[in-house]
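Novice:
Protein chains: 2
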Amino acid sequence: MFRLIKTEGNARRGEFVTPHGTVQTPAFQNVATCGAIKGALDAGDLKAIGCQQMLCNTYHLHVRPGDELIRELGGLHRFTGWQGPILTDSGGFQVFSLAGLRKIKEEGVTFNSHVDGRHIFMGPEESMRIQSNLGSTIAMAFDECVENPAPYDYAQKSCERTVRWLYRCKDELDRLNAIHDTVNPRQMLFGINQGCTYERLRIENMCRIASLDLDGYAIGGLAVGEPKEDMYRIISSVEPYMPKNKPRYLMGVGTPGNILEAVSRGIDYFDCVMPSRNARHGHLNTMQGIINLNNAKYEKDLSPIDPTCDCPTCRNHSRAYIRHLFKAKEMLAMRLCVQHNLYFYNTLMQKIRDALDRGTFTQFKEQYVELLDTRI
Amino acid sequence: MFRLIKTEGNARRGEFVTPHGTVQTPAFQNVATCGAIKGALDAGDLKAIGCQQMLCNTYHLHVRPGDELIRELGGLHRFTGWQGPILTDSGGFQVFSLAGLRKIKEEGVTFNSHVDGRHIFMGPEESMRIQSNLGSTIAMAFDECVENPAPYDYAQKSCERTVRWLYRCKDELDRLNAIHDTVNPRQMLFGINQGCTYERLRIENMCRIASLDLDGYAIGGLAVGEPKEDMYRIISSVEPYMPKNKPRYLMGVGTPGNILEAVSRGIDYFDCVMPSRNARHGHLNTMQGIINLNNAKYEKDLSPIDPTCDCPTCRNHSRAYIRHLFKAKEMLAMRLCVQHNLYFYNTLMQKIRDALDRGTFTQFKEQYVELLDTRI
Numbered sequence: 001m002f003r004l005i006k007t008e009g010n011a012r013r014g015e016f017v018t019p020h021g022t023v024q025t026p027a028f029q030n031v032a033t034c035g036a037i038k039g040a041l042d043a044g045d046l047k048a049i050g051c052q053q054m055l056c057n058t059y060h061l062h063v064r065p066g067d068e069l070i071r072e073l074g075g076l077h078r079f080t081g082w083q084g085p086i087l088t089d090s091g092g093f094q095v096f097s098l099a100g101l102r103k104i105k106e107e108g109v110t111f112n113s114h115v116d117g118r119h120i121f122m123g124p125e126e127s128m129r130i131q132s133n134l135g136s137t138i139a140m141a142f143d144e145c146v147e148n149p150a151p152y153d154y155a156q157k158s159c160e161r162t163v164r165w166l167y168r169c170k171d172e173l174d175r176l177n178a179i180h181d182t183v184n185p186r187q188m189l190f191g192i193n194q195g196c197t198y199e200r201l202r203i204e205n206m207c208r209i210a211s212l213d214l215d216g217y218a219i220g221g222l223a224v225g226e227p228k229e230d231m232y233r234i235i236s237s238v239e240p241y242m243p244k245n246k247p248r249y250l251m252g253v254g255t256p257g258n259i260l261e262a263v264s265r266g267i268d269y270f271d272c273v274m275p276s277r278n279a280r281h282g283h284l285n286t287m288q289g290i291i292n293l294n295n296a297k298y299e300k301d302l303s304p305i306d307p308t309c310d311c312p313t314c315r316n317h318s319r320a321y322i323r324h325l326f327k328a329k330e331m332l333a334m335r336l337c338v339q340h341n342l343y344f345y346n347t348l349m350q351k352i353r354d355a356l357d358r359g360t361f362t363q364f365k366e367q368y369v370e371l372l373d374t375r376i
Numbered sequence: 001m002f003r004l005i006k007t008e009g010n011a012r013r014g015e016f017v018t019p020h021g022t023v024q025t026p027a028f029q030n031v032a033t034c035g036a037i038k039g040a041l042d043a044g045d046l047k048a049i050g051c052q053q054m055l056c057n058t059y060h061l062h063v064r065p066g067d068e069l070i071r072e073l074g075g076l077h078r079f080t081g082w083q084g085p086i087l088t089d090s091g092g093f094q095v096f097s098l099a100g101l102r103k104i105k106e107e108g109v110t111f112n113s114h115v116d117g118r119h120i121f122m123g124p125e126e127s128m129r130i131q132s133n134l135g136s137t138i139a140m141a142f143d144e145c146v147e148n149p150a151p152y153d154y155a156q157k158s159c160e161r162t163v164r165w166l167y168r169c170k171d172e173l174d175r176l177n178a179i180h181d182t183v184n185p186r187q188m189l190f191g192i193n194q195g196c197t198y199e200r201l202r203i204e205n206m207c208r209i210a211s212l213d214l215d216g217y218a219i220g221g222l223a224v225g226e227p228k229e230d231m232y233r234i235i236s237s238v239e240p241y242m243p244k245n246k247p248r249y250l251m252g253v254g255t256p257g258n259i260l261e262a263v264s265r266g267i268d269y270f271d272c273v274m275p276s277r278n279a280r281h282g283h284l285n286t287m288q289g290i291i292n293l294n295n296a297k298y299e300k301d302l303s304p305i306d307p308t309c310d311c312p313t314c315r316n317h318s319r320a321y322i323r324h325l326f327k328a329k330e331m332l333a334m335r336l337c338v339q340h341n342l343y344f345y346n347t348l349m350q351k352i353r354d355a356l357d358r359g360t361f362t363q364f365k366e367q368y369v370e371l372l373d374t375r376i
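Chains as they are written, first to last, in my numbering: chain Y, 1 to 376; chain L, 1 to 376.
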């Protein structure tokens, strides 16, 4: 259940009640691809750095260790130790980007596993069964994520098929949720808006899926090659057609600047591997801009990554020490930096919520939208 | 200052007072080669898993980031965030085992850095200056560590040179400790007993270095190729000649069984990379023996690594989850396992101390000395 608390322009302050806890929105989901945050963080660390919701990847967990195994072990919450809300993606994005795609048909998709090369078939029903086995709080509909730019005709055909797939997802998840021995019989379903960079397709698609009264709606297929102006334009054009009383999730986005722009256009939910991936390369978010810890100027720098940050890394360690850990190829470097960057993202969302509560979001956005994406 | 609290046979329960805190002995030092535990543990984690003393490697830190830099940044305690006692080795062992050794002379040793190949000279004075720059609590004397088996003649010559080096170490550290701007002007010095597997050499060497009234004494050059019976025989033969009022440190040892045997022969201090290295390969110590988490039988095992263990890993995660993390090549696997194995070692020492306090060490040793080294 989504409750809209306050708005400022199109920006929304809300809360989303789930069987695994309430999420204050706007919120950033922390990505645990294979059931763990890359960078050696566990469920306890996630709590300590202000994570509200974890995202796990259906495709990866299906391939290894297998969703049947996770179901047998009591589902993702028990398996990972994370007790808060978990969203699983549909597997679609990975099938189309990471796995060796073989064939798309009306029934679904055939592809090769990136682990052992074996052929796997996944359609809407398979995706729902896998996500039901994983027992996530929120299942995502199975969709085709088309790269940008794409020809209009293909975008339209794909979009129509994705809508037909969504109906099948809903039917299958309703059936699964009615079965008593599923891990999470109250699993929610989010639909995904597609249509590439074509406003007409996007809006038409949005109107069709909105009528299904799902638990939430995502905008997919953005941040996949198009200029960010196109992304903002598409969000602004689709937003008026998204149900007001449902959370809106912009998939795979993005930089702090992207998030501020998207919040100002009415988005409530985000996820991105960028903060943890950048952290593992020593690229760190601060409220003063992005620093690169590999830079020689940090060799003797005893200050924390961000002097204004309260994360466990900044409270306890200096830039000089962490830079040394990178040079010495010590795993601890990655852990400390991932911890910092995820804390930064989770805290940025808290600051956005606070600004919305105070009615000062526009001002906050103006102050930081460019600064936070600047390399200093 | 070492205080002997109680004995049981040759086993000793004591405490060692240092400027950075008091260590309850027998104790196990946790190895942070480059200033960090391999497996992404930081100073805060060490405290949480019962570490009393950290060991850092002089050679590694000299080569990278450089001891001058660490001195400039305030020494190892400030650099790493670990506020308890730190022991630095002398660099000798790594020079003779890891680096490209070029020449041993009376003055010292010339070798190639394993990082960039540059020629480095290290003698007793250099080792003391580096360790003084690092600002460790305890500096180790610069010695030659000879591999076993070694010809008697070489062992004798090497041993005599190491004694001459020890005198030079003491003079140089006294000089450095008198300088006001050293990082730790009360740095302690431990001498190292050598002599390969020759009892006569070992005893003669021990008597000579004991007369120097150093802060502690180590037995070096064991666990470097000889059968464990030789190791126990040498400890037993040297021990009567080690000062009673000084801590005794068996370098680089070892398995839980080795530790129990050595404690029963009068050893107070240990260090070893084995628990963290084994952990990174999924080999885990438990009070029931050693388990290999890669084993297929743990695939669906929801129990913790050791059901009797209270470490953060065992309190929060299952064998099945950690095994999956290994298969998925998630860094978190290593962190959780290193955390467990080091906690196991630190807790084993606590159990040994408790048994000594109660006068039941002999019984404890008999119960566990074989069991703990058994693969189950």
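Where a beta carbon is used, it is the ideal one built from N, C-alpha and C, also for glycine.
Whose CA, out of L:164, L:70, L:90, L:91, lies closest to the CA of residue 81 (chain L)?
Specialist: The candidate whose alpha carbon is nearest that of residue 81 (chain L) is L:70.
Novice: Identify which residue in Y:360, Y:346, Y:351, Y:362 has its Cα closest to the Cα of residue 29 (chain Y).
Specialist: That would be Y:346, whose Cα lies nearest to the Cα of residue 29 (chain Y).
Novice: Please state the DSSP three-state secondary structure of residue 366 (chain Y).
Specialist: DSSP places residue 366 (chain Y) in helix when its eight states are reduced to three.
Novice: With DSSP run on the structure shown, which of helix, strand or coil describes residue 104 (chain L)?
Specialist: Looking at residue 104 (chain L) - three-state DSSP - the assignment turns out to be strand.
Novice: What span of residues does the alpha helix (DSSP H) with residue 334 (chain Y) cover, start to end?
Specialist: Taken as a continuous stretch (DSSP letters only), the alpha helix (DSSP H) holding residue 334 (chain Y) covers 331 to 358.
Novice: At 3 residues or longer, and completely inside the region 164 to 219 of chain Y: list those beta strand (DSSP E) runs for me, N to C.
Specialist: You should have 188 to 193, 216 to 219.
Novice: Give me the DSSP bridge partner(s) of residue 140 (chain L).
Specialist: DSSP output for residue 140 (chain L) lists L:190 as bridge partner(s).
Novice: If you measure between the beta carbons of residue 384 (chain Y) and residue 88 (chain Y), is that distance less than 7 Å?
Specialist: Outside the displayed span of chain Y (1 to 376) sits residue 384 (chain Y), for which this structure offers no information.
Novice: Is the shortest distance between the beta-carbon of residue 81 (chain Y) and the beta-carbons of chain L less than 7 Å?
Specialist: Output row for residue 81 (chain Y): interface = yes.
Novice: The alpha helix (DSSP H) spanning residue 4 (chain L) covers which residue range?
Specialist: Note, residue 4 (chain L): premise wrong, no alpha helix (DSSP H); beta strand (DSSP E) at 2 to 8.
Novice: Should the region 132 to 143 of chain Y be regarded as contacting the region 71 to 80 of chain Y, the criterion being three or more beta carbon pairs within less than 8 Å?
Specialist: Yes, the region 132 to 143 of chain Y is in contact with the region 71 to 80 of chain Y.
Novice: Return yes when the Cβ of residue 56 (chain L) is within less than 7 Å of the Cβ of residue 35 (chain L), no when it is not.
Specialist: Yes, these two residues count as a Cβ contact at 7 Å.
Novice: What does the alpha-carbon distance come out to for the pair residue 23 (chain L) and residue 187 (chain L)?
Specialist: One C-alpha to the other measures close to 16 Å.
Novice: My output table needs one value for residue 378 (chain L): the three-state DSSP class, helix, strand or coil.
Specialist: Absent from the model: residue 378 (chain L). The displayed extent of chain L is 1 to 376, so no value can be given.
Novice: Let me know if residue 275 (chain Y) comes out buried or exposed under the rule of 16 or more other beta-carbons within 10 Å of its beta-carbon.
Specialist: Per the 10 Å Cβ criterion, buried.
Novice: For residue 59 (chain Y), is the beta carbon positioned less than 6 Å from some heavy atom of the ligand ADP?
Specialist: Because no ligand of any kind appears in the structure shown, any question about the ligand ADP cannot be addressed here.
Novice: Could you pull out every residue in the same chain whose Cβ sits closer than 6 Å to the Cβ of residue 335 (chain L), ignoring the five residues on either side in sequence?
Specialist: Excluding sequence neighbours, residue 335 (chain L) sits near 39, 40.
Novice: Kindly indicate which three-state DSSP category residue 239 (chain L) falls into: helix, strand or coil?
Specialist: Correct three-state label for residue 239 (chain L): helix.
Novice: Do residue 27 (chain L) and residue 269 (chain L) have their C-beta atoms within less than 7 Å of each other?
Specialist: Their beta carbons are under 7 Å apart, which means residue 27 (chain L) touches residue 269 (chain L) by this criterion.
Novice: Output, in sequence order along the chain, the residues in the region 43 to 68 of chain Y whose CB is closer than 8 Å to any CB in chain L.
Specialist: Those would be 43, 44, 60, 64, 65, in chain order.
Novice: To the nearest angstrom, report how far apart residue 348 (chain L) and residue 256 (chain L) are at their CA atoms.
Specialist: For residue 348 (chain L) and residue 256 (chain L), the distance between alpha carbons rounds to 8 Å.
Novice: Report all residues from its chain with a CB closer than 7 Å to the CB of residue 326 (chain Y); omit the five preceding and five following residues, and keep chain order.
Specialist: 282, 293, 294, 333, listed in sequence order.
Novice: Assess contact between the region 170 to 190 of chain L and the region 94 to 104 of chain L, defined as three or more Cβ pairs (one per stretch) separated by less than 8 Å. Is contact present?
Specialist: No, they do not touch.
Novice: Return no unless some Cβ of chain Y is closer than 7 Å to the Cβ of residue 316 (chain L).
Specialist: Residue 316 (chain L) counts as touching chain Y.
Novice: Which ranges would you report for the beta strand (DSSP E) in the region 261 to 300 of chain L if only whole runs of at least 3 residues count?
Specialist: Complete beta strand (DSSP E) runs here, min 3: 269 to 271, 283 to 286, 289 to 292.
Novice: Mapping the DSSP letters down to three states, classify residue 311 (chain Y) as helix, strand or coil.
Specialist: In this structure, residue 311 (chain Y) counts as coil in the three-state DSSP scheme.
Novice: If we define contact as Cβ-Cβ less than 7 Å, is residue 321 (chain Y) a contact residue for chain L?
Specialist: It does: the Cβ of residue 321 (chain Y) has a partner Cβ on chain L nearer than 7 Å.
Novice: Please classify residue 200 (chain L) as buried or exposed, where buried requires at least 16 neighbouring CB atoms within 10 angstroms.
Specialist: Residue 200 (chain L) is exposed by the Cβ-count criterion.
Novice: Could you check what DSSP says for residue 17 (chain L) in three-state terms: helix, strand or coil?
Specialist: Of the three classes helix, strand and coil, the one that applies to residue 17 (chain L) here is strand, per DSSP.
Novice: What's the gap between the Cα of residue 235 (chain L) and the Cα of residue 121 (chain L)?
Specialist: Distance between the alpha carbons of residue 235 (chain L) and residue 121 (chain L): 32 Å.
Novice: List, in order along the chain, the chain Y residues whose C-beta lies closer than 9 Å to that of residue 40 (chain L)?
Specialist: By Cβ distance, chain Y contributes 39, 40, 330, 331, 332, 333, 334, 335, 336.
Novice: With a 10 Å radius around its C-beta and 16 neighbouring C-beta atoms as the bar for buried, classify residue 341 (chain Y) as buried or exposed.
Specialist: Classification for residue 341 (chain Y): buried.
Novice: On the premise that residue 159 (chain Y) lies in contact with residue 195 (chain Y), defined as a C-beta separation below 8 Å, what is that separation, rounded to the nearest angstrom?
Specialist: The pair is a contact, with the Cβ atoms about 5 Å apart (cut-off 8 Å).
Novice: For residue 27 (chain L), which residues does DSSP report across the bridge?
Specialist: Its beta-bridge partners are L:269.
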